[in-house]
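Numbering-wise, the sequence shown is residues 8 to 288 according to our numbering.
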Amino acid sequence: MRHSLPHAPQFYVTAPQPCPYLHGRAERKLFTALTGDSANELNNALSRQGFRRSQNVLYRPSCESCVACMSARIRVSEFHPSRTQRRVLRRNAHLRRLATSAWATEEQYELFRAYLDERHADGGMADMDIFEFAAMIEETPVRTRVIEYRTHQCDSSETPPPPGSDRLVAVCLTDVLDDGLSLVYSFYDPALEGMSLGTHIILDHIELARSAGLPFVYLGYWVPGSRKMDYKAKFSALEIYKGGVWQPIGDPAQHTSDIHPLSIDPIVEQVARINLPASRK
Numbered sequence: 008m009r010h011s012l013p014h015a016p017q018f019y020v021t022a023p024q025p026c027p028y029l030h031g032r033a034e035r036k037l038f039t040a041l042t043g044d045s046a047n048e049l050n051n052a053l054s055r056q057g058f059r060r061s062q063n064v065l066y067r068p069s070c071e072s073c074v075a076c077m078s079a080r081i082r083v084s085e086f087h088p089s090r091t092q093r094r095v096l097r098r099n100a101h102l103r104r105l106a107t108s109a110w111a112t113e114e115q116y117e118l119f120r121a122y123l124d125e126r127h128a129d130g131g132m133a134d135m136d137i138f139e140f141a142a143m144i145e146e147t148p149v150r151t152r153v154i155e156y157r158t159h160q161c162d163s164s165e166t167p168p169p170p171g172s173d174r175l176v177a178v179c180l181t182d183v184l185d186d187g188l189s190l191v192y193s194f195y196d197p198a199l200e201g202m203s204l205g206t207h208i209i210l211d212h213i214e215l216a217r218s219a220g221l222p223f224v225y226l227g228y229w230v231p232g233s234r235k236m237d238y239k240a241k242f243s244a245l246e247i248y249k250g251g252v253w254q255p256i257g258d259p260a261q262h263t264s265d266i267h268p269l270s271i272d273p274i275v276e277q278v279a280r281i282n283l284p285a286s287r288k
């Protein structure tokens with residue numbers, strides 16, 4: 008199904024399919040292509056309205072009977088790490104950050120496969136081959152970086168890297184927006200669970216954004232009731248995009264995902280309320 012506005016990108020809706028976060032529910036996405044000279048402007052404008060990027064597509068959940076998926080971002084200036092998060096930073100102080108262009112490597116793919124096989128063996132990306140992985144990394148029409156985390160030292164896990172090695176332990180595909188950093192996709196060595204590498208990636212991106220003068224770090228979607236997403240609510244200064252506005256998350260337990268179907272606006276009305284960047288003349 009296609010929906011469009013005059014002189015604007017065309018928006019489409021996917022067919023319903025099983026929700027990966029909440030058992031027994033169906034997900035549906037509203038999406039548009041991200042191409043052309045105005046790709047960066049569109050990515051910035053729609054990211055501020057709860058959209059996410061996947062290769063050359065921008066999408067936002069638009070389910071028929073649920074609004075559980077809410078885009079989340081951290082207000083960098085107000086963030087203060089918890090005691091546990093400070094321990095994560097100390098534990099990973101030996102890691103070396105390396106920012107590269109959006110170019111895939113075999114080393115990244117090997118880490119990606121290990122991560123999927125251990126953490127998401129039954130997920131939608133489980134069958135991705137190296138060519139599909141390269142497309143996920145490289146097919147980007149916007150400002151994107153690959154942030155690698157490497158270690159030269161033996162860590163405290165049961166399988167330390169060989170002495171003197173330069174070991175890749177985590178990767179994050181990151182978009183650089185006008186108002187922040189958007190974590191498109193991250194993965195890490197599942198054998199190093201004790202290092203809390205997923206948390207470290209977010210904490211390091213907060214520092215990256217602060218040093219660049221960017222006010223937000225976009226974390227993707229937070230889903231109340233989904234154990235996969237619980238970790239996002241543990242970051243202070245977290246905002247969620249709910250009811251068409253960004254607002255502090257407050258008490259996560261207060262957010263309900265049980266929305267009556269009649270209270271959800273039709274797709275045409277949702278599209279009509281999207282604020283698009285001004286057209287170039």
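By construction, the Cβ of each residue, glycine as well, lies at the ideal position given by its N, Cα and C atoms.
Is DSSP giving residue i helix, strand or coil here?
i: Met77; result: strand
i: Pro259; result: helix
i: Ala15; result: coil
i: Arg104; result: strand
i: Gln254; result: strand
i: Ala111; result: coil
i: Ala22; result: coil
i: Ala285; result: coil
i: Glu133; result: It is worth fixing the name first, because residue 133 is Ala in this sequence and not Glu. Coil at Ala133, not helix or strand.
With respect to the alpha helix (DSSP H) encompassing residue i, which residues constitute its N-terminal and C-terminal limits?
i: Ile247; result: Ile247 -> not in any alpha helix (DSSP H); beta strand (DSSP E) instead, spanning Leu245 to Lys249.
i: Thr91; result: Arg90 to Arg98
i: Glu155; result: Looking at the DSSP string, Glu155 is not in any alpha helix (DSSP H); the run it does join, the beta strand (DSSP E), is Thr151 to Thr158.
i: Tyr192; result: Unbroken run through Tyr192 is the beta strand (DSSP E), Gly187 to Tyr195; no alpha helix (DSSP H).
i: Val224; result: First-last for Val224: Phe223 to Trp229, but that is the beta strand (DSSP E), not the alpha helix (DSSP H).
i: Gly232; result: Segment: none, Gly232 is in no alpha helix (DSSP H) and carries neither H nor E.
i: Thr206; result: Leu204 to Ala219
i: Ile274; result: Ile274 to Ala279
i: Glu145; result: Ile137 to Glu145
i: Ser54; result: Ala46 to Ser54
Quick test of your reading: residue i and residue j, contact by CB under 8 angstroms. State the CB separation rounded to the nearest angstrom.
i: Tyr28; j: Lys235; result: 6 angstroms
i: Leu102; j: Arg157; result: 7 angstroms
i: Pro88; j: Leu210; result: 6 angstroms
i: Gln261; j: Leu37; result: Contact doesn't hold; Cβ gap of about 26 angstroms is too wide.
i: Glu71; j: Arg35; result: 6 angstroms
i: Arg82; j: Glu246; result: 6 angstroms
i: Thr206; j: Tyr248; result: Actually they are not in contact, since the Cβ atoms of Thr206 and Tyr248 sit about 22 angstroms apart, beyond 8 angstroms.
Mind checking which residues open and close the beta strand (DSSP E) that includes residue i?
i: Phe242; result: Neither: Phe242 is in no beta strand (DSSP E) and is coded neither H nor E.
i: Ala65; result: In the sequence as displayed, the identity of residue 65 is Leu instead of Ala. Here the beta strand (DSSP E) through Leu65 covers Val64 to Pro68.
i: Ala40; result: Lys36 to Ala40
i: Ala177; result: Arg174 to Leu184
i: Ser61; result: Arg59 to Ser61
Would you kindly check if the distance between the Cβ of residue j and the Cβ of residue i is under 8 angstroms?
i: Pro148; j: Thr42; result: yes
i: Ala240; j: Pro255; result: no
i: Ala79; j: Tyr228; result: yes
i: Thr181; j: Leu175; result: no
i: Ala75; j: Gly201; result: no
i: Arg126; j: Pro197; result: yes
i: Tyr116; j: Phe140; result: yes
i: Leu199; j: Asn51; result: no
i: Pro23; j: Ala15; result: no
i: Ile213; j: Ala177; result: no
- Message: Using a Cβ distance threshold of 8 angstroms, determine whether the segment 37-48 contacts the segment 217-227, with at least three qualifying pairs required.
- Response: With a cut-off of 8 angstroms, the segment 217-227 and the segment 37-48 do not count as touching, because too few Cβ pairs lie within range.
- Message: So, does the segment 148-156 touch the segment 94-112, judging by three or more C-beta pairs under 8 angstroms?
- Response: yes
- Message: Between the segment 50-65 and the segment 214-221, can you find at least three pairs of beta-carbon atoms closer than 8 angstroms?
- Response: no
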